[in-house]
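Asks: So that we are looking at the same thing, I have put the structure below in structure tokens.
Protein chains: 2
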Amino acid sequence: MMKESKTDLAYRVMRERIDSGTYMPGYRLVIAPIAQELGISAVPIREAIRRLEAEGLITFERNVGAQVALVKETEYLHAMQTLALVEGFATALASPEVTAEQIARARRINDTMRQTLDDFDPQRFTQLNLDFHSVLFESCPNPHVLELVHRGWNRMRVLRNSSFTFVPGRAHESVEEHERLLALIESGSAAELVEQSAREHRLATLRAVLARNAEHHEGEALTA
Amino acid sequence: MMKESKTDLAYRVMRERIDSGTYMPGYRLVIAPIAQELGISAVPIREAIRRLEAEGLITFERNVGAQVALVKETEYLHAMQTLALVEGFATALASPEVTAEQIARARRINDTMRQTLDDFDPQRFTQLNLDFHSVLFESCPNPHVLELVHRGWNRMRVLRNSSFTFVPGRAHESVEEHERLLALIESGSAAELVEQSAREHRLATLRAVLARNAEHHEGEALTA
DNA sequence: GAATATCAAATCATATACAATCGTGAGTAT
DNA sequence: ATACTCACGATTGTATATGATTTGATATTC
Chain D
1 MMKESKTDLA YRVMRERIDS GTYMPGYRLV IAPIAQELGI SAVPIREAIR
51 RLEAEGLITF ERNVGAQVAL VKETEYLHAM QTLALVEGFA TALASPEVTA
101 EQIARARRIN DTMRQTLDDF DPQRFTQLNL DFHSVLFESC PNPHVLELVH
151 RGWNRMRVLR NSSFTFVPGR AHESVEEHER LLALIESGSA AELVEQSARE
201 HRLATLRAVL ARNAEHHEGE ALTA
Chain P
1001 MMKESKTDLA YRVMRERIDS GTYMPGYRLV IAPIAQELGI SAVPIREAIR
1051 RLEAEGLITF ERNVGAQVAL VKETEYLHAM QTLALVEGFA TALASPEVTA
1101 EQIARARRIN DTMRQTLDDF DPQRFTQLNL DFHSVLFESC PNPHVLELVH
1151 RGWNRMRVLR NSSFTFVPGR AHESVEEHER LLALIESGSA AELVEQSARE
1201 HRLATLRAVL ARNAEHHEGE ALTA
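For the record, the sequence lines run as chains D and P.
According to the working numbering, the first sequence is numbered sequentially starting from 1.
According to the working numbering, the second sequence is numbered sequentially starting from 1001.
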């Protein structure tokens, strides 16, 4: 087994900290202290930062440095819209290839989601949601599209500790939509229908979050 | 005016050489000689390589190095399929915002394309095609989607000097489809219709290339 | 003769040292 | 008070040197 490179180590550590919220959006990633803490030099840190930048988790400015990406409402809208697009397509591409076993597995996950609706844990629900869709994506033959899906998920991860958290009231509908989506795939529906349905599923979540935030800040109107 | 950083210089030079075909697909990008030639050290070269990798123009393997991306037929299919997806969506998003001036500009470009059909130059036609769609994308409000479009174009650029060149016979249809697309946008058609139409436009090109290559190699069958 | 071990050259990976650049705040003129 | 300049500290950018890994050729064993 090959030892993990320093660059990969730096990437992994920073990535974990962004995911866990240790580095909140806006946090400045200063190279020198991180290098000292990890006991490695600055160069691998720089390369890891480039990588995180390419994935959109952080922003980088020349001679100024890197910071965990800040996400404004329009940014969030655009990211989710894009995610809806690629998830919808990935689901449609996978649809004809999905096996009965995968359907069953996805349905089990969705049942678990339904059970957790009583005492709701956003973190856990989000993870189960990822698992659910991951099962469907297993059969997607186009790795490019899957890569874009993962990019989108990364982008969302940064927001877990921001104001764009999941809307509890939305969870019920989400579970029902999952069920309908499975039925659609099971019955061998046309790709366009599956794509449309999966896309709409994500867009509905987007609209729920935006509506909640609009109430909360009672500020700017927005066109979904 | 800020001086260009060494990393940017290295990126620009390598990028140009990949685009122009000086570095063909499969060409190994060895750091040391490039550094010596440009009169800079290895570190900026490495970072530029990371960036090119993130954009998908080159592949990189640990302790082995980088080479200009090789694209097999299935790879090409997936990349084009993805491009069709994001271009279609970008066009649909832009559609309601497109101005009469932009329509006129796009139509002029398309007219130029029609004129070049007589003595056909793939390189020039491809460029005009990019210009045409770029005009429509000017109004696209979602920068994420636009970024994905550009990623897709980068991916295609590598192929200019491979076996996946444009099919001359396809050019005529392409010009006509452009005209129909403009009419659709002008008449304020529904987003779904525009998206479907723009996506299909790209997929038709994909099918033409695949069909040509299938004849040429008369080898493997493929499911478009 | 085929498979495997050995070694050297090429290349990548990282550490260290120093140069270039940027942001900030004190000081000064208006 | 405001705007401007400048110098300093913090931080990034790059060069050089050295260590680590891969690869391919050659030798060796069975």
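Every residue gets a Cβ at the ideal spot worked out from N, C-alpha and C, and that includes glycine.
The structure displayed is predicted, hence computed values, not measured ones.
For D/ALA221, I'd like the list of residues in its chain whose CB is within less than 6 Å of its CB, leaving aside the five on either flank, ordered along the chain.
Replies: Residue placement at D/ALA221 is poorly supported in this model, since its pLDDT is 40, which falls under 50; the coordinates still yield a value, given next. So no residue of the chain qualifies.
Asks: Am I right that P/GLU1047 and D/ARG170 are in contact with their C-beta atoms under 8 Å? What's the rounded C-beta distance?
Replies: The Cβ separation is near 42 Å, so there is no contact.
Asks: For D/THR7, is the classification buried or exposed, using 16 other Cβ atoms within 10 angstroms of its Cβ as the cut-off for buried?
Replies: When all chains shown are included, D/THR7 counts as buried.
Asks: Given a threshold of 16 other Cβ atoms within 10 Å of its Cβ, counted over all protein chains shown, does D/PHE120 qualify as buried or as exposed?
Replies: It is exposed - the Cβ of D/PHE120 has fewer than 16 other Cβ atoms within 10 Å.
Asks: Using a Cβ-Cβ cut-off of 6 Å (strictly less than) and excluding sequence neighbours within five positions of D/GLY219, which residues of its own chain qualify?
Replies: Residue confidence is low: D/GLY219 scores 42 on pLDDT, short of 50, so the model does not pin down where it sits. Its coordinate-derived value is still stated next. Hits under 6 Å: none found.
Asks: Check the Cβ of D/VAL43 against every Cβ in chain P and list those closer than 7 Å, keeping chain order.
Replies: Here the neighbours are VAL1043.
Asks: CB-CB under 6 Å to P/ALA1084, same chain, minus the five flanking residues each way: which ones, in chain order?
Replies: Here the set comprises ARG1199, ARG1202 and LEU1203.
Asks: Decide yes or no for the touch test of the region 1139-1152 of chain P against the region 1085-1092 of chain P: beta carbon pairs closer than 8 Å, at least 3 of them.
Replies: The region 1139-1152 of chain P, when compared against the region 1085-1092 of chain P, does touch it at the 8 Å Cβ threshold.
Asks: Roughly how many whole angstroms lie between the Cα atoms of P/ALA1224 and P/ARG1160?
Replies: Low confidence applies here, because P/ALA1224 scores a pLDDT of 32, under 50, leaving its location unreliable and the question unanswered by this model.
Asks: What is the residue span of the beta strand (DSSP E) that P/ILE1058 lies within?
Replies: First-last of the beta strand (DSSP E) with P/ILE1058: 1058-1061.
Asks: Please state whether the Cβ-Cβ distance between P/LEU1193 and P/LEU1184 is less than 8 Å.
Replies: Taking 8 Å as the Cβ cut-off, P/LEU1193 and P/LEU1184 qualify as a contacting pair.
Asks: Are there 16 or more other CB atoms within 10 angstroms of the CB of P/GLN1123, so buried, or fewer, so exposed?
Replies: So P/GLN1123 ends up on the exposed side.
Asks: Please work out which residues of its chain come closer than 8 Å, Cβ to Cβ, to P/ARG1105, disregarding the five sequence neighbours upstream and downstream, and give them in chain order.
Replies: Excluding sequence neighbours, P/ARG1105 sits near VAL1135.
Asks: So that I know if they touch, is there some Cβ in chain D lying closer than 8 Å to that of P/GLU1220?
Replies: Its pLDDT being 44, under 50, P/GLU1220 is placed unreliably by the model, and nothing is read from it.
Asks: My guess is that D/ILE31 and D/ALA42 are in contact by the Cβ rule of under 8 Å, so how many angstroms apart are they, rounded?
Replies: Indeed they touch by this definition, with Cβ atoms about 5 Å apart.
Asks: With D/PHE66 as the anchor, note down where its beta strand (DSSP E) starts and where it stops.
Replies: Correcting the residue type first, residue 66 of chain D is Ala in the shown sequence and not Phe. Its beta strand (DSSP E) spans residues 65-68.
Asks: Show which residues of chain D have a CB atom less than 7 Å away from the CB atom of P/ASN1142.
Replies: Within 7 Å Cβ-Cβ: HIS78, GLN81 and THR82.
Asks: Among residues of its own chain, excluding the 5 on either side of D/GLU177, which ones have a beta-carbon nearer than 6 Å to its beta-carbon?
Replies: Cβ neighbours of D/GLU177 beyond the five flanking positions: HIS201.
Asks: Which of the three DSSP states is assigned to D/LEU93 in this structure?
Replies: It is helical.
Asks: Contact criterion: CB-CB distance below 8 Å. Does P/ARG1050 meet it with respect to chain D?
Replies: P/ARG1050 counts as touching chain D.
Asks: In the DSSP assignment, what residue or residues form a beta bridge with P/LEU1029?
Replies: Per DSSP, P/ALA1066.
Asks: Any C-beta of chain D sitting closer than 8 Å to the C-beta of P/GLU1061?
Replies: False, the Cβ-Cβ gap to chain D never drops below 8 Å.
Asks: By a C-beta neighbour count over all protein chains shown, 10 Å radius and 16 as the cutoff for buried, is D/GLN36 buried or exposed?
Replies: Exposed, because fewer than 16 other Cβ atoms sit within 10 Å of the Cβ of D/GLN36.
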